[in-house]
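J.: The structure follows.
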Amino acid sequence: MIDKFREDILSVVDAVPSGASIAVGGFGSSGRPDGLLDALCELDRRDLHVIVNNVGHDFTGVGRLLHEGRLRRVTASFPILQEFYDEYFAGRVELELIPQGTLAERLRAGGSGIPAFFTPSGAGTMLSDGSFTLRYSPDGGVAEHVPAKETRLINGREYVLEEGIVADFGFVKAHKADRKGNLRFRLSARNFNPMAGMSGKHTLAEIEQLVEVDELHPDDIHLPGVFVDDVVMTTGKAPATEDTAATTRKAS
Amino acid sequence: MTGTIPAPAPVVGRTREGIAERLAEDLQDGYVVNLGVGIPLLVPRFLPADKEVVLHAENGVLGIGAEASPEEADPDLTDAGKQPITLISGAAITDSAMSFAIIRGGHLDCTILGALQVSASGDLANWYVPGKNPAVGGAMDLVAGTPQVWVAMEHVDRKGQPKIVPECTMPLTGKGVVTRVYTDLAVFHVVDGQLRLVECAPGVTPEDVRARTTAPYTEHLAG
Chain S
1 MIDKFREDIL SVVDAVPSGA SIAVGGFGSS GRPDGLLDAL CELDRRDLHV IVNNVGHDFT
61 GVGRLLHEGR LRRVTASFPI LQEFYDEYFA GRVELELIPQ GTLAERLRAG GSGIPAFFTP
121 SGAGTMLSDG SFTLRYSPDG GVAEHVPAKE TRLINGREYV LEEGIVADFG FVKAHKADRK
181 GNLRFRLSAR NFNPMAGMSG KHTLAEIEQL VEVDELHPDD IHLPGVFVDD VVMTTGKAPA
241 TEDTAATTRK AS
Chain H
1 MTGTIPAPAP VVGRTREGIA ERLAEDLQDG YVVNLGVGIP LLVPRFLPAD KEVVLHAENG
61 VLGIGAEASP EEADPDLTDA GKQPITLISG AAITDSAMSF AIIRGGHLDC TILGALQVSA
121 SGDLANWYVP GKNPAVGGAM DLVAGTPQVW VAMEHVDRKG QPKIVPECTM PLTGKGVVTR
181 VYTDLAVFHV VDGQLRLVEC APGVTPEDVR ARTTAPYTEH LAG
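Those protein sequences? They're chains S and H, same order as listed. The first sequence begins at 1 in the UniProt record's numbering and counts up one residue at a time. The second sequence begins at 1 in the UniProt record's numbering and counts up one residue at a time.
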């Protein structure tokens, strides 16, 4: 019998070693798997490479990992948090800055067996030409650049070769799941979560509601359980309201 | 290139709201539009009731409604600025890869962005001031994929220096991507990689615009 539901979040996250790469869902704090991220702190994991859209606005979620000095590298489009930049400019954390659509597609591609793809995003900019600083040295100089990316003219337009991301782990926050690991997200909390789940060689999902198998209609599953290895209840806020309660207004 | 120039005599053009109002006149019924931060976020309040314009947010919302009241606010429903929103009827939610398929794949009609600089050939710089915190978000995908990229910005920066320049000195977001520029003083179109002044704001003369613009352009003023 397939049963991916686990009672104890710490024993699930214990599979993640220090030094791992982790693709994390969420857009800001919306749909971010804070329970799994907090567990990394409880287990004292360090030297992590986190692939996520934002570090966040405060010291929760990925911001807590940063605040506690647990990050080696961040791959992101919009870090936001000032303390992240302070650490980056001081040479204590690396930043691989990439366009947001490239981030989503690199995760999707990595999880789809596509090693690289060409995109127009970032062509002719410092995010593809090798001039963006990956790591500063402690004296404020540049220790290492993000390498220049291969480019190609296709039908007369320049495109950038971007590599798919296969992360050691995927961390996902979902609204509902069944014991087979089928996931359903809610409203804009879906965002990067399906991509993070696809990218992870081993994917952990924290959820708000566990439902019986077949309660999620096969047509309504956003991420099939084949991408998901372990399911745990979120340690965060109470389950959100039902989908039907989504606030909808007539266009005015 | 873009050295310091002496400040010309003061001129009063459109307000920030006025720039948004003028731009909103040019949005067509049925457009699907993505809005950047700054003046672009003022555009929805000037959309006339007889035009149906669908607003897209890069975090996967197609059909943003009004800002959510505190009672309506739902942490699972936000816009790209992480603010609580409502949905219009007929809205759709996607994941981030689908959201950027919409953007990069050319399925939006128009994206409206702020800018640090726009060049004579329509290059855009709007993501990074060297020495400050770098963050790009979806800007490079939006300009790479959207057929019409309209910039809404002040004509000069806070120090009075022109923002429409021969070549961008700030890091580029995209090359040759801007199709229109709406400022407090004027409207420019970019046609075949060249800037055209097509309109001056009320009370603003072509000479006022010329004195505050270092980029070369041609005049195509109506009347």
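Glycine residues also receive a C-beta, built at the ideal position from the N, C-alpha and C atoms.
Kindly say whether H/Val129, judged by its beta-carbon, lies nearer than 7 angstroms to any beta-carbon of chain S.
T.: Numbered from its first residue, the second sequence carries residue 129 of chain H at position 129. So, not an interface residue.
J.: Listing by chain order, which chain S residues have their CB less than 8 angstroms from the CB of H/Leu42?
T.: Residue numbering aside, residue 42 of chain H sits at position 42 when the second sequence is read from its first letter. Those within 8 angstroms of H/Leu42 in chain S number zero; the least Cβ separation is about 16 angstroms.
J.: For a test of your reading of the model: does the CB of S/Pro99 fall under 6 angstroms from any non-hydrogen atom of the ligand NAD? Yes or no.
T.: The model depicted lacks the ligand NAD and carries no ligand whatsoever.
J.: Within 7 angstroms of any Cβ in chain H, is that where the Cβ of S/Glu150 sits?
T.: Within the first sequence, the letter at position 150 stands for residue 150 of chain S. No, its Cβ sits nowhere closer than 7 angstroms to a Cβ of chain H.
J.: Locate the alpha helix (DSSP H) running through S/Asp8, then write down its first and last residues.
T.: Position 8 of the first sequence, counted from the first residue, corresponds to residue 8 of chain S. Per DSSP, S/Asp8 belongs to no alpha helix (DSSP H) and is neither H nor E.
J.: With 7 angstroms as the C-beta to C-beta threshold (strictly closer), list the residues of the region 205-231 of chain S near chain H in chain order.
T.: none
J.: Evaluate the contact criterion for the region 126-143 of chain S versus the region 220-232 of chain S: three or more CB pairs, one atom per stretch, below 8 angstroms.
T.: No, the region 126-143 of chain S is not in contact with the region 220-232 of chain S.
J.: Helix, strand or coil for H/Glu21 per DSSP?
T.: As a position in the second sequence, residue 21 of chain H is number 21, starting the count at 1. Reduced to three states, the DSSP call for H/Glu21 is helix.
J.: Once DSSP output is grouped into helix, strand and coil, what is the label at S/Val231?
T.: Sequence index remark: in the first sequence, residue 231 of chain S carries index 231 (1-based). Reduced to three states, the DSSP call for S/Val231 is strand.
J.: Of all Cβ atoms in chain S, is any one closer than 7 angstroms to the Cβ of H/Arg45?
T.: Residue numbering aside, residue 45 of chain H sits at position 45 when the second sequence is read from its first letter. Residue contact check for H/Arg45 against chain S: no CB pair falls below 7 angstroms.
J.: With C-beta atoms as the reference, is S/Val231 less than 7 angstroms away from S/Ala205?
T.: Numbered from its first residue, the first sequence carries residue 231 of chain S at position 231. Numbered from its first residue, the first sequence carries residue 205 of chain S at position 205. Cβ distance < 7 angstroms, so S/Val231 and S/Ala205 count as in contact.
J.: Could you compute how far the alpha carbon of S/Gly111 sits from the alpha carbon of H/His107?
T.: Against the first sequence, residue 111 of chain S aligns to sequence position 111. Against the second sequence, residue 107 of chain H aligns to sequence position 107. Here the C-alpha atom of S/Gly111 lies approximately 25 angstroms from the C-alpha atom of H/His107.
J.: Just verifying my parser: in three-state terms, what is the DSSP assignment at S/Asp86?
T.: Sequence index remark: in the first sequence, residue 86 of chain S carries index 86 (1-based). Three-state DSSP puts S/Asp86 in a helix.
J.: Whole angstroms are fine: how far does the CA of H/Pro84 sit from the CA of H/Thr78?
T.: Within the second sequence, the letter at position 78 stands for residue 78 of chain H. Within the second sequence, the letter at position 84 stands for residue 84 of chain H. So the two alpha carbons sit approximately 4 angstroms from each other.
J.: Under 8 angstroms by Cβ, that's how I've got H/Thr94 and H/Gly145 pegged, so tell me the actual separation to the nearest angstrom.
T.: Counting from one through the second sequence, the residue named residue 94 of chain H turns up at place 94. Counting from one through the second sequence, the residue named residue 145 of chain H turns up at place 145. H/Gly145 and H/Thr94 do not touch by the CB rule: their CB atoms are close to 15 angstroms apart, not below 8 angstroms.
J.: Is it buried or exposed, S/Pro33, if we count other Cβ atoms within 10 angstroms and call 16 or more buried?
T.: Taking the first residue of the first sequence as position 1, residue 33 of chain S is located at position 33. By the 10 Å Cβ count, S/Pro33 comes out buried.
J.: Run the CB neighbour count on S/Lys250, radius 10 Å, all protein chains shown included, and call it buried at 16 or more, exposed below.
T.: As a first step, residue 250 of chain S is located in the first sequence; it is residue number 250 there, counting from the start. Caution is warranted here: a pLDDT of 34 is assigned to S/Lys250, below 50, making its placement in the model unreliable, and no coordinate value can be reported.
J.: Do you know offhand how far H/Gly18's Cα is from H/Leu27's?
T.: Locating residue 18 of chain H in the second sequence gives position 18, counting from the first residue. Locating residue 27 of chain H in the second sequence gives position 27, counting from the first residue. Whole-angstrom Cα-Cα distance: 15 angstroms.
J.: Output the distance between the C-alpha atoms of H/Glu207 and H/Thr218, rounded to the nearest integer angstrom.
T.: Position 207 of the second sequence, counted from the first residue, corresponds to residue 207 of chain H. Position 218 of the second sequence, counted from the first residue, corresponds to residue 218 of chain H. When rounded, the distance between both Cα atoms is 13 angstroms.
J.: To the nearest angstrom, how far is it from the Cα of H/Met170 to the Cα of H/Ala135?
T.: Start at 1 with the first residue of the second sequence, and residue 170 of chain H comes out as number 170. Start at 1 with the first residue of the second sequence, and residue 135 of chain H comes out as number 135. Distance between the alpha carbons of H/Met170 and H/Ala135: 14 angstroms.
J.: Beta carbon of H/Trp127, beta carbon of H/Thr179: below 7 angstroms?
T.: Looking up residue 127 of chain H in the second sequence gives position 127. Looking up residue 179 of chain H in the second sequence gives position 179. Going by C-beta atoms, H/Trp127 is not nearer than 7 angstroms to H/Thr179.
J.: How big is the Cα-Cα spacing for H/Leu55 and S/Gln100?
T.: Here residue 55 of chain H is taken as the residue at index 55 of the second sequence, counted from 1. Here residue 100 of chain S is taken as the residue at index 100 of the first sequence, counted from 1. Those two C-alpha atoms are separated by around 18 angstroms.
J.: Going along chain S in order, which residues have a C-beta closer than 7 angstroms to the C-beta of H/Gly60?
T.: For the purposes of this step, residue 60 of chain H is identified with residue 60 of the second sequence, where counting begins at 1. Chain S residues near H/Gly60: Ser188, Arg190, Asn191.
J.: With a Cβ-Cβ cutoff of 7 angstroms, do S/Ser199 and S/Ala23 count as a contact?
T.: Position 199 of the first sequence, counted from the first residue, corresponds to residue 199 of chain S. Position 23 of the first sequence, counted from the first residue, corresponds to residue 23 of chain S. Yes.
J.: Rounding to the nearest angstrom, what Cα-Cα distance links H/Val32 and H/Phe100 in this structure?
T.: Here residue 32 of chain H refers to the residue found at position 32 when the second sequence is read from its first residue. Here residue 100 of chain H refers to the residue found at position 100 when the second sequence is read from its first residue. So the two alpha carbons sit approximately 14 angstroms from each other.
J.: I believe H/Arg212 touches H/Val156 by the beta-carbon criterion, under 8 angstroms. Please report the beta-carbon distance rounded to the nearest angstrom.
T.: Position 212 of the second sequence, counting from 1, holds the residue named residue 212 of chain H. Position 156 of the second sequence, counting from 1, holds the residue named residue 156 of chain H. 5 angstroms between Cβ atoms; contact.
J.: If distances are taken between C-alpha atoms only, which option among S/Asp129, S/Tyr88, S/Pro120, S/Ala76 comes closest to residue 331 of chain S?
T.: The question about residue 331 of chain S has no answer here: the residues shown for chain S are numbered 1 through 252.
J.: Which first and last residues belong to the alpha helix (DSSP H) in which H/Ala190 is found?
T.: Position 190 of the second sequence, counted from the first residue, corresponds to residue 190 of chain H. The residue asked about is misnamed: residue 190 of chain H is Val in this sequence, not Ala. From DSSP, H/Val190 is part of no alpha helix (DSSP H) but of the beta strand (DSSP E) over 186-191.
J.: Would you say H/Leu27 lies against chain S (beta-carbon separation less than 7 angstroms)?
T.: As a working note, residue 27 of chain H is residue 27 in the second sequence. Judged by the 7 angstroms Cβ criterion, H/Leu27 is not in contact with chain S.
J.: Show which residues of chain S have a CB atom less than 7 angstroms away from the CB atom of H/Ile103.
T.: Counting from one through the second sequence, the residue named residue 103 of chain H turns up at place 103. The answer, in chain order, is Gly101.
J.: In chain H, which residues lie with their C-beta within 8 angstroms of the C-beta of S/Leu127?
T.: Taking the first residue of the first sequence as position 1, residue 127 of chain S is located at position 127. By Cβ distance, chain H contributes Val136, Met140.
J.: Pull up the DSSP beta-bridge partners for S/Gln209, would you.
T.: Translated into positions along the first sequence, residue 209 of chain S becomes position 209. Per DSSP, S/Lys176.
J.: State whether the region 13-30 of chain S contacts the region 57-75 of chain H, with contact taken as three or more CB pairs (one from each stretch) at a distance under 8 angstroms.
T.: yes
J.: Looking at chain S, is there any beta carbon in it that lies within less than 7 angstroms of the beta carbon of H/Met1?
T.: Taking the second sequence and counting its residues from 1, the one referred to as residue 1 of chain H is at position 1. No answer about H/Met1 holds up, because its pLDDT of 49 lies below 50 and its placement is not dependable.
J.: So, is the C-beta of S/Glu68 closer than 7 angstroms to a C-beta in chain H?
T.: Within the first sequence, numbered from 1, the residue matching residue 68 of chain S stands at position 68. So, not an interface residue.
J.: Rounded to whole angstroms, what is the Cα-Cα separation between S/Leu71 and S/Ile207?
T.: Reading the first sequence from its first residue, position 71 is the one you call residue 71 of chain S. Reading the first sequence from its first residue, position 207 is the one you call residue 207 of chain S. Approximately 25 angstroms, taken between the alpha carbons.
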